[in-house]
Each structure stands twice: as C-alpha cells, then as structure tokens.
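Here's the structure we're looking at; comments come further down.
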Amino acid sequence: KPPTPQDGFIVVSFSNATLVFEIGEEVKETSSSGFLATVATLHTQLLEDGSLLQVHAGGLRHIRTDRRINEWRAPGRRAITRAATNSRQVVIALSGGELVYFEMDALGQLLELAKKDMDGDVACLDIAPVLPGALRCRFLAVGGYDNTVRMLSLEDGTQLRPVATQAVNAVPESLLMLHGHAAEEAGSGDAGLFLHVGLSNGVLQRTEVDRITGKLSDTRQRFLGTRAPRLTAVWVRGVRSLLALSSRPWLGYSDMGRWQFMPLSYEPLDHAASFASEQCPEGFVAVVKSTLRILSVENIGETFNQTVSRLRYTPRRLLVHNDLRLLLVGESDYQAVPLADNAELQKRLVDEDGEPVAGPEFSAELAAELDQYGAAVGAPGQWASCVRIVDPAELSTKAVLELDGSEAITSMALVRFEGPGVPEASLLLAVGTAEQMTYFPTSCTAGYIRLYKILDRGARLELLHKTQLEGIPGALVAFKGRLLAGVGPVLRLFELGRKKLLRKCEYRQLPQHVAALHTLGSRIYVGDVQESVHFFRYNKTDNKLYCFADDVHPRYITAMTPLDYDTVAAGDKFGNFVVLRLPADVSAQIEEDPTGGKLAAQMGKLGGAPHKLDNSIQFHVGDTITALARATMQPGGSEVLLYGTIMGGVGAFFPFQAKEDKDFFLHLEMHMRQEHPPLAGRDHLAFRSAYFPVREVVDGDLCGQFAALAPAKQQAVAAELDRSPGEVLKKLEEMRNKIL
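For what it's worth, our numbering labels the leading residue of the sequence shown as 8, then goes sequentially.
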C-alpha cells in the first residue's frame, strides 16, 4: 500500500506545463511541492522513503524529503517517452527504443543499473509493486509497436534480460500488472501475477505471469469499446485493482477470490489516477473533457446499476418511443382510489418547498408515508390508472395523465395510421382499457381503446377519441398502417376514423383470450391465454385473417416475441420457456399459396389449424415469465434473448454459434448434475423438465457453479472433458463476457 494512507498532491499535466494542487480541507494550487512547473509531466511516484519523483521528457527530478533535489538528464538530444515506476524501481524508455533501469539504494538515492536497446520505439511500460518482504519486483513488461509484449528480468545480474515474448493482434497502448488470487485456484489463497494489456483495437487482454520464470500463459480477451483502453491502478476494498478507460470506464477487481470485470455507469473518462483522502479513502481523480473530478465507486459487486423512479401505480405496460427517445409507461392498481377522487391527498400535493406537484410520487414525504402505511383502499371492482412519459436519460417524468373512470390499462401500442383519407401524422399512442375489470371469471362492463396524440416532444398527451369494445383489449399492435387488437377471443383490425376507430376485419374463432400480439411482414403471431401460439396471415384481397398454424400443447402464454419469420419464443405462467418453429416446407407452401392462406385455413380438422408448430426448444425457468426481448447488452456483443420474471428476476438465453461450444457445455452440464446436485435434493433434470422435457437448452446457472466445486472435483470434471480446470473456467468466462 502507499507509504501514507492519504494523498497529499494532485498533479495535472498539460502539453507544456504542470499544475500541482495540495489536498487539505480544500484543494488549492501550490508552488512549494518541488515539481518543475514549466514542463509536461509524464509520470509521478511516491517512493519508499517518502520522497517524490517527477518524470518529464528531459529527465528525472528526485525531490528528497529534506527538499534537496537530484536531477538526471536524458543523454544528448534524446527524450524520455515512457516511464514505469514503483516505490523502489524506475524504468524509462528513451526515443529510439533504449531502456534505462534505476533502483533505490539504502541511502535513498536512485542508481542507474542497466541499459538495453529494444530495436524500436517502446509503446508502453509497466512494473508491478514491490511485495511486502521483497527488495524489488522481478519483472518488467514492455509493449512494442511491432505488436509484441515482452517480459524482462530485473533480478541482480540479469537486469533487462528477456524472459518471455507474446505476440498480440494490435499495438499495445497500455500495460498494468496486478497481484491477485488466481481464479484457477479459488480459495487457495495462492497469489498470482497478471499482466493486463490494452490494445489499440479496443480489446483488453489478461495474461497470467509465472512468478518464478516470467513465462506468459492462459490469455483471456475482452472487447471494451472503440477506444484503446488506458489502464490505471486504483484501490478497491484495500486491494490494488484495475480501472480501464475506453469508450466507457470499466473496473476490474477481486471479489471473494474471483476476478470481476464490470462497466461503470458513468460518462467516458479521458484520464484517471488513484486518489485517497479522509472523505474519499478509495476513489480516483479523473479528467473529463475540460473538467477535473474526484470520483468514488458505489455498489461494488452488483452486476447491474439500477436507478429508481417512483410511480403512482403498478406498471403494467412499457413502450419505447424511438423517434423521441422516450419511455411510455401504463400504470394500474386494483381497489385503488383515483387521484381525482382523493380530496385529502390532493390537499397535500406539495413538495419540500411548498410548490404544488402532479402526484404523490413527486413528494418525498408523501411517498414515504404511502410506503409505510399504504394507499387508500377503494371499492371492489374499482381501478385507478395513469399513462406516464419518462425521459430514460434522467429517469424523470415529462408528463403524466390520470385516466378518468374505473378503468384498468391492459394493453398499449404505438401506431402510425395510413390510408387515403388519413393525414400524414406522427406516431399515436393506443391504450387499451377495461372498465371495472374483475377476475374469476375475467370480465368487465366495457372495454375501450383510447387514442392519444403526443405533443411538445412528450410534454403532454391529447386524447383524440375513445372507442368502446365488448370485451377486454388484451393486446394491441400496429399492422400495415392499421391497429390490430385482441378483444377477448376476437382478433380485430381497425382503421382511423374521425370520432372513433373503424372496424375493418375480424377473426372470431380463437379459443380463449388474446394475451400477446406480434407482427412480421404479412404474418401475425397470436398468443392465447390458454391455448399457446397461433400463426395468422392477412389476405388483403379478401380482407380476411386466416389461421394456418398452431401448437399441439396447451400453454398459458404470458410473454412472446418473434425470433424470425417462422419462429417465436414464448413463456407461460407456469415458468416454461419454449421456442416454436414452423417447418420450412410448410412456410414455403404458405408463402406460395395463391389464395393467400384461404385454402390452407379451410383444411383444418377438429377446430384446429391445418399445420402444427414444432417445439424446437423447451426449458423450465421456475418462475412466471412476464417479459421477453431480444437485446445486445454491450457494443460488439452477441444478441441474446432476455427474460424477466414475476419475482423480479432477469435472465438471458444465449444461442450457441458453434457446435463445439454446444457439445462442451452439454457435457459439462451432465457432469455437474452428478458432482453438484441441488441443495434441496431434487433431481436437476426433473426440475428443468417440470412440465415438458427439457430440450436443446443447457443450464448456465448450473455450469457456472463449477468454480464453487472443491479442487479435486474440478480436476475430475475437467479430466472427463479433456481439459484443465483453468481451461473450463476460461470457457465459462468467455461465454459470460459475450452476454455482459
């Protein structure tokens, strides 16, 4: 650790000058530090005896504790281009590629011990800290413009002798060596040495360094962003860790013996350095454009950074308005008193400054009171709902509209209507509601589709008209310039009218109740609340909807999303995930049908569709799936299928892109079932096949527990896979990095 627990100076280098700020009760500029202020500083170091070192292009400036200054000048017309230091050792690179090595003696003086010509300019340098009880770090890492990283010895008699070379696929821009617990020996306490290389193509490379020989092995890579990562050492939980600055900042640290590497939820940083003070014991000082900031990391160890915005009621639907970059949230609560009917609450709708606010969620005092005592309870069958427009960048509410009457929001969609009599307009918000909706059985006195115009870039909503329906609008979706709605068991197509929506086409033979709707091209995918998924085709000539394929199993669909033209993924309320696919020959036959699906629909038997969907994938998640979405979680990452559950869980299904990966994880899962059975004693295969036999899915949660096995079991499982435990862990880390 540093000789003193807190830093005394912040050194800021410009292209032709250096500023030094003294850290006290306040940060102020000082000229008594001993640093040369008329040159650009390349590197600074607090040495073991408390003296300071300044490295600049013209040489070294050693500022002793008694304020004496020792200077070392660069020879001839050569300049220092790179430097690496620790508390006892200094290595500099001169223009032309010559390395010069210094070491501190017993009197606190820096002695020049060795030189070496690297046959080319040096791109970057690094040297690890001196471990307790050691005299020096044994190795120096050197990156060259010839796409190589070399390890040089710093031991007596072999100074600057090469011990290992590694070729990389781009120019190394930054190096950092860290001591840590080897991931392959989790829990053993055996400290390893790791070399981190930031490449010009935005990739971070992590390689294990043999502490005796300096040989490099077990290289792992991760793409961080479009900028070459700039690596800086910072302190996390008392351990020297890694801060990587690319197109976004990343933090690498050791957590319970395992290496964790997470992106930080902050804007890109240009430069950073470790910082410690009484108020901020483990932080870093950073330059962002033209500002100097002192930052600290919160919530270390959490996979996701979450920002919370209070809502008035329970969120039921969420839409993304891509044109305005806004979120549209539909909220509803059963037996809740609408804001307009709650006179007592309206009297108290003020914030801390006494200014009126739009709702209780905007007042911290009222919100805390509602959290503690609960909201007022309304009559049975009564609902309260509102539509909210949220700016996702700041998670602030731009507009909120309370719905009148006792209506529950059941569906939402953004639609742009087209037609000969329809003026060119922006996206309209369609909101499906049910008045006095009840369950067991599910019914309502009336259903409605409200159509809103979004004005002033999301600052307010204007109601165009309200169309009454005979049932609950369970799902809405835009389709070819019209609005497609699932009203109870009826699939209905609407056009825009002056005073209400105009019914143009409908299909009345669905089994129970429409729960989900999606469209792709001329196909419509309908999820039924009890009878799984149905594929429809719209025939424009006949103005009719034809059902040409359905599932053979009953599934209580709660979420659905199309994967391609013939494939949908769905989740049901019993916690099952399924991928249903239309056979390729059937799909071609449907597309070539000159009747547009009419002939195929007439061939159905026993009330079903003429064709059946294949169950390509089946898996029991164990919790009701409430949302499914395709997403890419990071730049350059692979697309995954995200799901959310009713208990608040978020998971991902990752499609294998190589048969080799599929076979590896299938065999790993098979061995983990034997070596690591669940704590509750239930058979893992039986659990994942609770309702339908598991098919074509590997349980990543089970495979990820390989690191928690005892070393002997790790060796046994890895031997069955013809790999070492380190190679198995590397494979798991690579798969995890493809997602997050």
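Glycine included, each C-beta is placed from N, C-alpha and C at the ideal position.
Since we're looking at a predicted model, the values are computed, not measured.
Less than 7 Å between the beta carbons of residue i and residue j, yes or no?
i      : j      : result
Thr417 : Ile479 : yes
Leu421 : Ile456 : no
Arg255 : Pro236 : no
Met158 : Val170 : yes
Glu215 : Gly232 : no
Gly643 : Phe230 : yes
Gln443 : Thr449 : no
Asn77  : Ile134 : no
Leu206 : Ala251 : no
Tyr108 : Leu120 : yes
Ser392 : Ser339 : yes
Asp557 : Leu587 : no
Ala293 : Asp14  : no
Gly5   : Ile632 : Because residue 5 is not part of the residues shown, which for the chain are 8 to 747, the question remains open.
Leu249 : His203 : yes
Using 10 angstroms around the beta-carbon of residue i, count the other beta-carbons present and answer buried if the total reaches 16, otherwise exposed.
i      : result
Ser181 : buried
Pro12  : exposed
Pro10  : Because the pLDDT of Pro10 is 47, which lies under 50, any placement of that residue in the model is unreliable, and the number read from its coordinates should be weighed accordingly. Under this definition Pro10 is an exposed residue.
Ala193 : Unreliable positioning characterises Ala193 in this predicted model, as indicated by a pLDDT of 39, which lies under 50. A coordinate reading is not provided.
Lys8   : Since pLDDT at Lys8 reaches only 38, below the 50 mark, its modelled position is unreliable, and no value is offered.
Thr321 : exposed
Arg355 : exposed
Gly140 : exposed
Thr45  : exposed
Asn7   : As displayed, the chain neither begins before 8 nor continues past 747, which places residue 7 out of reach and without an answer.
Phe311 : exposed
Thr25  : buried
Val647 : buried
Glu291 : The sequence shown places Phe at residue 291, not Glu. Per the 10 Å Cβ criterion, buried.
Ser303 : exposed
Glu538 : buried
Phe713 : buried
Arg145 : buried
Met263 : exposed
Ala190 : Low per-residue confidence applies at Ala190: pLDDT is 35, beneath 50, and the placement is therefore not dependable, though the value from the model is reported in the following sentence. Per the 10 Å Cβ criterion, buried.
Leu106 : buried
Starting from residue i, follow the alpha helix (DSSP H) in both directions and report where the run begins and ends.
i      : result
Phe726 : The amino acid occupying residue 726 in the given sequence is Ala; Phe does not appear at that position. Segment 718-727, the alpha helix (DSSP H) holding Ala726.
Ala350 : 350-354
Ile5   : Residue coverage of the chain in this structure runs from 8 to 747, which leaves residue 5 outside it and unanswerable.
Gly707 : 707-710
Ala566 : Ala566 -> not in any alpha helix (DSSP H); beta strand (DSSP E) instead, spanning 564-571.
Gln681 : 666-682
Phe694 : 691-695
Please name the residue in the options whose C-alpha comes closest to that of residue i.
i      : options                        : result
Ser752 : Pro518, Glu538, Ala523, Phe542 : Since the first residue shown for the chain is 8 and the last is 747, residue 752 is missing from the structure and cannot be characterised.
Gly385 : Leu346, Gln596, Gly655         : Leu346
Trp390 : Pro288, Pro427, Pro601, Thr445 : Thr445
Ala371 : Ser316, Asp411, Gly57, Gly582  : Ser316
Ala5   : Pro700, Lys745, Thr226, Phe282 : Not covered by the structure: residue 5. The range shown for the chain is 8 to 747.
Gly615 : Leu527, Pro518, Ala697         : Pro518
Val243 : Cys393, Asp398, Cys287         : Cys287
Arg505 : Arg300, Ala365, Leu470         : Leu470
Lys619 : His560, Ile307, Lys669         : His560
Arg467 : Asp398, Lys738, Asp378, Leu524 : Asp398
Phe486 : Thr474, Leu500, Arg80          : Leu500
Ala482 : Ile564, Lys511, Leu503         : Ile564
Gly388 : Ala492, Gly534, Gln722, Glu414 : Glu414
Glu33  : Gly127, Ile17, Ala365          : Ile17
Leu334 : Val364, Ser261, Met419, Glu368 : Met419
Gly656 : Pro662, Phe663, Gly629, Phe671 : Gly629
Leu536 : Lys547, Asn550, Phe581, Leu747 : The sequence given here has Val at residue 536, not Leu. It is Phe581 whose Cα lies nearest to the Cα of Val536.
Lys720 : Leu167, Glu703, Arg680         : Arg680
Terminal residues of the continuous beta strand (DSSP E) containing residue i?
i      : result
Glu78  : 76-80
Ala522 : 521-527
Val593 : Not the beta strand (DSSP E): Val593 falls in the alpha helix (DSSP H), residues 591-599.
Ala420 : 414-422
Arg544 : 540-546
Phe626 : 621-627
His63  : 59-63
Glu119 : 117-124
Runs of alpha helix (DSSP H) lying entirely within the region 169-232, each at least 4 residues, in chain order: Listed in chain order, nothing qualifies, since the region 169-232 has no complete alpha helix (DSSP H) run of 4 or more residues.
Length at least 3, wholly inside the region 367-416: the beta strand (DSSP E) runs in chain order: Qualifying beta strand (DSSP E) stretches, in chain order: 390-398, 403-409.
Every unbroken beta strand (DSSP E) within the region 468-525, with a cutoff of 3 residues, ordered by chain: Correct list: 480-486, 489-494, 497-502, 509-514.
Length at least 3, wholly inside the region 256-336: the beta strand (DSSP E) runs in chain order: Within the region 256-336, the complete beta strand (DSSP E) runs of at least 3 residues are 256-262, 265-270, 278-282, 290-295, 298-303, 321-328.
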